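Asker: The structure under discussion is supplied below as structure tokens; questions concerning it will follow.
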Amino acid sequence: MSLAFGVAIYFVIWWVLLFAVLPWGVRTSEEAGEASNPGFADSAPHRPRLLLKIVATTIVSGIVFAFIYAIMVHHIIRLDDIPFFPRYERVQEAPHAN
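Here the sequence shown stands for residues 1 to 98, numbered as in the working numbering.
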């Protein structure tokens with residue numbers, strides 16, 4: 001796995017997990033027992049705690065990336081190990097006629 005490919009995979013994993021982590025612990029101002037500020041939507045989070053969510057996303061992404069890296073580099077799971085994938089036989093190239 002090249003460095004660029006690894007960074008791209010990590011970025012995709014991080015971005016997907018960020019959207020999974022964003023709703024954790026979100027409460028509106030009404031749920032927190034305070035009045036909402038004028039100019040903000042009533043559904044806006046009271047304290048979004050984005051730094052905590054970014055740190056959690058980074059840690060979880062590192063764990064998921066390590067798992068995917070191990071699968072790809074060390075061939076822990078191959079496509080032939082997945083039971084519902086079709087089986088293809090290897091095709092050998094014919095010798096080139098000059």
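All C-beta atoms, glycine included, are put in the ideal place defined by N, C-alpha and C.
Every value quoted in this text rests on a predicted model; they were computed, and no experiment measured them.
Any heavy atom of the ligand MN closer than 7 Å to the CB of F5?
Answerer: This structure simply doesn't include the ligand MN, nor any ligand for that matter.
Asker: Residue ranges of each alpha helix (DSSP H) run of no fewer than 4 residues wholly in the region 17-97, ordered along the chain?
Answerer: Fully enclosed alpha helix (DSSP H) runs of 4 or longer: 29-32 and 50-74.
Asker: Just to confirm before moving on: does the CB-CB distance between P48 and V26 stay below 8 Å?
Answerer: Yes; because the gap between Cβ atoms is below 8 Å, this pair is in contact.
Asker: According to the Cβ coordinates, are R87 and D80 closer than 8 Å?
Answerer: Yes; because the gap between Cβ atoms is below 8 Å, this pair is in contact.
Asker: May I have the straight-line CA-CA distance separating T58 from H75, to the nearest angstrom?
Answerer: The alpha-carbon atoms of T58 and H75 are separated by roughly 25 Å.
Asker: Assign S2 to one of two classes, buried (16 or more other C-beta atoms within 10 Å of its C-beta) or exposed (fewer than that).
Answerer: The residue in question, S2, is exposed, as its Cβ has fewer than 16 Cβ neighbours within 10 Å.
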